[in-house]
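> Handing you this structure, nothing more for now.
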Amino acid sequence: MKKYLSILFAAATAAALAISCSEKEDDNGGKIDADDPASVKTENLIAYFPLESEAKTIESGKGITYSAKAGAASFTKGVRGNCYQNSSNDANTLSYLDFALAADNQLKSMTSFTISAWIKVGFEFDTAPAIISLNGGDPGMGSICLFLDGAHDANGLGLKYYLFNTSTNWKGQDIQVTNEAFTPNRWLHIVYSYDESDSKIKFYADGEFIGDSVRYADGDPDGPEGPVEQPLLGKLSLGQDSSHLYFGAWWNNLDGSGDEWRRSYPGLLDEVRIWNVALTDAEVESLYEKEVIKADGLTM
Numbered sequence: 002m003k004k005y006l007s008i009l010f011a012a013a014t015a016a017a018l019a020i021s022c023s024e025k026e027d028d029n030g031g032k033i034d035a036d037d038p039a040s041v042k043t044e045n046l047i048a049y050f051p052l053e054s055e056a057k058t059i060e061s062g063k064g065i066t067y068s069a070k071a072g073a074a075s076f077t078k079g080v081r082g083n084c085y086q087n088s089s090n091d092a093n094t095l096s097y098l099d100f101a102l103a104a105d106n107q108l109k110s111m112t113s114f115t116i117s118a119w120i121k122v123g124f125e126f127d128t129a130p131a132i133i134s135l136n137g138g139d140p141g142m143g144s145i146c147l148f149l150d151g152a153h154d155a156n157g158l159g160l161k162y163y164l165f166n167t168s169t170n171w172k173g174q175d176i177q178v179t180n181e182a183f184t185p186n187r188w189l190h191i192v193y194s195y196d197e198s199d200s201k202i203k204f205y206a207d208g209e210f211i212g213d214s215v216r217y218a219d220g221d222p223d224g225p226e227g228p229v230e231q232p233l234l235g236k237l238s239l240g241q242d243s244s245h246l247y248f249g250a251w252w253n254n255l256d257g258s259g260d261e262w263r264r265s266y267p268g269l270l271d272e273v274r275i276w277n278v279a280l281t282d283a284e285v286e287s288l289y290e291k292e293v294i295k296a297d298g299l300t301m
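Numbering of the sequence shown is given in the working numbering, commencing with residue 2 and proceeding in unit increments.
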């Protein structure tokens, strides 16, 4: 009998350990499946946008609230459940979601960050549509912006990432990536990060590192005037006047009548996550793997 009870106890203990290893508590005491993307850097995940519907555009994010849906913005089948779409699939058709930021929202205080998302887009445009845009900071570009730029045809998709650092003389920093692997009409998982420890802006696609850039305060070290010794950016100081986060449009062209190149994103957007740290290469790879595991509508 004792031996039987010992076996039962051992089995129960093993089961409990298996559960504890596969689950992790979130900030609210709930359980997170270890295979869920939310389990990557749980303590630093400051916003998650599942983009299921107007009632469930955002699941977590202190000081961030859903404000409005405009133009051709709607929801359709995505990578996981539903996703945001510009239902016209036309960059010239106004389309966006608006999220209001409280005065103490965590986006404004990020000194490093990572933004991840799934995108799917065709190439029927010749402008620079904004995918994600945080206002404030630079009057033309905002505090943070992810947009389509450069080549966008059958030869590849051009993506550009911008950030505005208020504490340096040369405040606008960016990295642009064009890759022939970014083919049209397929889901692409993208990650954009900034790491204060080495001042690098990094870009990843489908879990793989694609490129990085170290930008300087007053000049381009590879510019025509030769190397320019300037301090690295270090800890970011984004625009403290940021008040809205937009998905699908430039924050300064919400009526569609602004600069010709500032247009709405003509594609699909899903599973947007924001961390207040830079994820490591291994964490980005793990994130992508977990995203794929949880996907129910992924067609590469």
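For every residue, glycine included, the Cβ atom is placed at its ideal position computed from N, Cα and C.
Bear in mind the structure is a predicted one, so any value in this text is a computation, not a measurement.
1) Which word fits residue 294, buried or exposed, when buried means at least 16 other C-beta atoms lie within 10 angstroms of its C-beta?
2) So residue 288 and residue 280 are in contact, right, with Cβ under 8 Å, and what is the actual spacing, rounded?
3) Pull up the distance between the alpha-carbon of residue 233 and that of residue 139, whole angstroms please.
4) Looking only at its own chain, which residues have a Cβ that is under 6 Å from the Cβ of residue 134, when we skip the five neighbours before and after it?
5) What beta strand (DSSP E) runs, 3 residues minimum, are completely inside the region 90-114?
6) Would residue 237 and residue 197 be called neighbours here (beta carbons separated by less than 9 Å)?
7) Using a Cβ-Cβ cutoff of less than 7 Å, which residues in the same chain neighbour residue 240 once the five nearest sequence positions on both sides are dropped?
8) Have a look at residue 75 and residue 266 and give me their C-alpha separation to the nearest angstrom.
9) Enumerate in chain order the residues of its own chain whose CB-to-CB distance from residue 189 is below 8 Å, with the five nearest sequence positions on each side excluded.
10) For a minimum of 3 consecutive residues, which ranges assigned as the beta strand (DSSP E) are wholly contained in the region 155-220?
11) Out of 101, 86, 103, 115, point me to the one whose CA is closest to residue 95's CA.
12) Evaluate residue 285 with the Cβ neighbour count: other Cβ atoms within 10 Å of its Cβ, from every protein chain shown; 16 or more gives buried, anything less gives exposed.
13) What residue range is occupied by the uninterrupted beta strand (DSSP E) comprising residue 75?
14) Pick from 297, 274, 298: whose alpha carbon is nearest that of residue 47?
15) Judging by CA-CA distance, which residue of 201, 186, 56, 210 is the nearest neighbour of residue 192?
16) With DSSP as the reference, label residue 285 as helix, strand or coil.
17) Rounded to whole angstroms, what is the Cα-Cα separation between residue 77 and residue 124?
18) Are the Cβ atoms of residue 108 and residue 65 separated by less than 9 Å?
19) Using three-state DSSP, classify residue 131 as helix, strand or coil.
20) Taking buried to mean at least 16 other C-beta atoms within 10 Å of its own C-beta, is residue 283 buried or exposed?
21) Drop a sphere of 10 angstroms on the beta-carbon of residue 150, count the other beta-carbons inside from all chains shown, and report buried for 16 or more, exposed for fewer.
22) Nearest to residue 257 by CA position, among 277, 130, 243, is which residue?
23) Give me the Cβ distance between residue 54 and residue 83, rounded to the nearest whole Å; I'm assuming they're in contact under 8 Å.
By the coordinates alone:
1) In summary, residue 294 is exposed, with fewer than 16 beta-carbon neighbours lying within 10 Å of its beta-carbon over all protein chains present.
2) About 7 Å separates the two Cβ atoms, so the contact holds.
3) Rounded to whole angstroms, residue 233 to residue 139 spans 19 Å at the Cα level.
4) Apart from the 5 residues on each side of it in sequence, residue 134 sits with its Cβ closer than 6 Å to the Cβ of 143, 146, 247, 251, 252 in its chain, given in chain order.
5) If only complete runs of 3 or more residues are kept, the region 90-114 shows the beta strand (DSSP E) at 96-102, in order along the chain.
6) Going by C-beta atoms, residue 237 is nearer than 9 Å to residue 197.
7) Once the five neighbours on either side are set aside, the close Cβ partners of residue 240 are 137, 138, 144, 165, 167.
8) Computed Cα separation, rounded: 12 Å.
9) Taken in chain order, the residues that qualify are 119, 120, 121, 158, 183, 206, 207.
10) Entirely contained in the region 155-220, the beta strand (DSSP E) runs reaching 3 residues are, in chain order, 157-165, 173-180, 189-196, 201-206, 209-215.
11) Of the listed residues, the one whose Cα sits closest to residue 95 is 86.
12) Counting the other Cβ atoms within 10 Å of the Cβ of residue 285 gives 16 or more, which makes it buried.
13) DSSP places residue 75 inside the beta strand (DSSP E), whose first and last residues are 74-78.
14) Proximity to residue 47 across 297, 274, 298 peaks at 274, based on C-alpha coordinates.
15) That would be 210, whose Cα lies nearest to the Cα of residue 192.
16) Of the three classes helix, strand and coil, the one that applies to residue 285 here is helix, per DSSP.
17) Straight-line measurement puts the Cα of residue 124 at about 20 Å from the Cα of residue 77.
18) Contact annotation: residue 108 and residue 65 have beta-carbon atoms nearer than 9 Å.
19) Of the three classes helix, strand and coil, the one that applies to residue 131 here is strand, per DSSP.
20) When all chains shown are included, residue 283 counts as exposed.
21) Buried.
22) Residue nearest to residue 257 within the set 277, 130, 243 is 130 (criterion: CA-CA distance).
23) Contact between residue 54 and residue 83 holds: CB atoms are separated by about 6 Å, below the 8 Å threshold.
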